[in-house]
Amino acid sequence: MSETPQDLRYSDSHEWVRVESDGSVTVGITGHAQELLGDLVFVETPEPGSAASAGEACATVESVKAASDVYAPVSGEVVAVNEGLADAPELVNESPYGDGWLFRIQPSDTTQLDALMDADAYSAKVASES
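Going left to right, the sequence shown walks through residues 1152 to 1281 as the working numbering numbers them.
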């Protein structure tokens, strides 16, 4: 099983969230999720400036096994996307919590972050699914 960084928050649908110093949140898929998917071959990110709604699909990752939606963990405006994934989707596999981030959202309601799991709760969820 992959590491679960303690400084991040996690959604039920296996996205991670890091709150940045400017108040935006960086979003990616967890190490567990990318392990289940296998080698990624394509990543479709949302358009910068588009609206994201918590719990709704806003990106897609495709592997040699399957395509999977990525859900917005919070509502807000997409303020940045990881342009590097267009040419190197494997970054998500190589560094899911680093260079493999997917997009950033400026949250419209920061209290939505409180509904996300901490690392211990997420690890327990993953263990219960095994």
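Beta carbons: idealized from backbone N, C-alpha and C, even for Gly.
Keep in mind it's a predicted model, so treat the numbers as computed, not measured.
Give me the Cα-Cα distance between residue i and residue j, rounded to the nearest whole angstrom.
i, j, result
"residue 1184", "residue 1271", "16 Å"
"residue 1152", "residue 1254", "Below a pLDDT of 50, predicted positions are generally treated as unreliable, and residue 1152, at 49, falls in that range; the measurement from the model is reported next regardless. Rounded to the nearest angstrom, the two C-alpha atoms are 24 Å apart."
"residue 1160", "residue 1214", "24 Å"
"residue 1238", "residue 1192", "9 Å"
"residue 1171", "residue 1256", "10 Å"
"residue 1281", "residue 1169", "25 Å"
"residue 1175", "residue 1279", "31 Å"
Tell me where the alpha helix (DSSP H) around residue i begins and ends.
i, result
"residue 1263", "Residue 1263 -> no alpha helix (DSSP H), and no H or E assigned at all."
"residue 1159", "Run containing residue 1159: none; DSSP gives neither H nor E here."
"residue 1195", "Counting along the chain, residue 1195 falls outside any alpha helix (DSSP H), though it belongs to the beta strand (DSSP E) covering 1191-1195."
"residue 1182", "1182-1188"
"residue 1280", "1270-1280"
"residue 1245", "1242-1245"
Within the same chain, show all residues whose beta-carbon is closer than 6 Å to that of residue i, passing over the 5 residues directly before and after it, in chain order.
i, result
"residue 1252", "1177, 1179, 1233"
"residue 1194", "1212, 1236, 1240"
"residue 1248", "1156"
"residue 1277", "1183"
"residue 1274", "1155"
"residue 1167", "1159, 1161, 1179, 1181"
Cβ-heavy atom distance between residue i and the ligand NAD below 6 Å?
i, result
"residue 1217", "Ligands are entirely absent from the displayed structure, and the ligand NAD is therefore not among its contents."
Less than 7 Å between the beta carbons of residue i and residue j, yes or no?
i, j, result
"residue 1210", "residue 1221", "yes"
"residue 1258", "residue 1227", "yes"
"residue 1207", "residue 1217", "no"
"residue 1267", "residue 1164", "no"
"residue 1205", "residue 1157", "no"
Specify, as a first and last residue, the run of the beta strand (DSSP E) that residue i falls within.
i, result
"residue 1207", "Neither: residue 1207 is in no beta strand (DSSP E) and is coded neither H nor E."
"residue 1253", "Premise fails: residue 1253 is in no beta strand (DSSP E) and is neither H nor E."
"residue 1228", "1227-1232"
"residue 1215", "Here residue 1215 belongs to no beta strand (DSSP E), and DSSP marks it neither H nor E."
Which residues in the same chain have their Cβ closer than 7 Å to the Cβ of residue i, if we skip the five residues on either side of it in sequence?
i, result
"residue 1200", "1228, 1229"
"residue 1231", "1199, 1254, 1255"
Next on the checklist: Any contact between the region 1176-1193 and the region 1234-1253? By contact I mean 3 or more CB pairs, one from each, below 8 Å.
Outcome noted: yes
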